[in-house]
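Visitor: Sending over a structure as structure tokens; questions will come in a sec.
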């Protein structure tokens, strides 16, 4: 039913001129990205037509972010991790695990807080497998391969 609704809205917008027809015929391909929307919590695009239409299909538990805003936030995170020494990176990972740093006005950090389980202190250390367990897993993995 959702796909049918997307198609109806797309064709109506095409008829009324809200979605531009392209000579390359890619407008319908861009609209197909909306088919993925029910399966994600965060959706990003820089397509002008999608930016206008996505709010019609977003659920209350979903978020839209523009490509430019997402790229800016990810560049900021990349710069932060690039500037960390190897030792400081290990310390960070031991404390935060795979969680991002808690920057103010960080889209990524806000989304982790909203959609991921709350971070525990020493998340990285708690998520590690003991050497004994790792050895046991590797033995089981090796026997499955051969």
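Residue numbers (our numbering): 5 to 150. Yeah, the Cβ is synthetic: ideal placement off N, Cα and C, and Gly gets one too. Every value quoted in this text rests on a predicted model; they were computed, and no experiment measured them.
Can you tell me where the alpha helix (DSSP H) holding residue 61 begins and where it ends?
Guide: First-last of the alpha helix (DSSP H) with residue 61: 52 to 61.
Visitor: Within 10 angstroms of the Cβ of residue 142, are there 16 or more other Cβ atoms? Answer buried if so, exposed if not.
Guide: Exposed, by the Cβ-count rule.
Visitor: What residue does the alpha helix (DSSP H) around residue 47 start on, and which one ends it?
Guide: Careful: residue 47 lies outside any alpha helix (DSSP H), inside the beta strand (DSSP E) at 46 to 49.
Visitor: Let me know if residue 111 comes out buried or exposed under the rule of 16 or more other beta-carbons within 10 Å of its beta-carbon.
Guide: Per the 10 Å Cβ criterion, buried.
Visitor: When the distance is taken between beta carbons, is residue 42 closer than 8 Å to residue 14?
Guide: Not a contact, by the Cβ cut-off of 8 Å.
Visitor: CB-CB under 6 Å to residue 101, same chain, minus the five flanking residues each way: which ones, in chain order?
Guide: Excluding residues within five positions, the ones whose Cβ falls inside 6 Å are 127, 128, 131.
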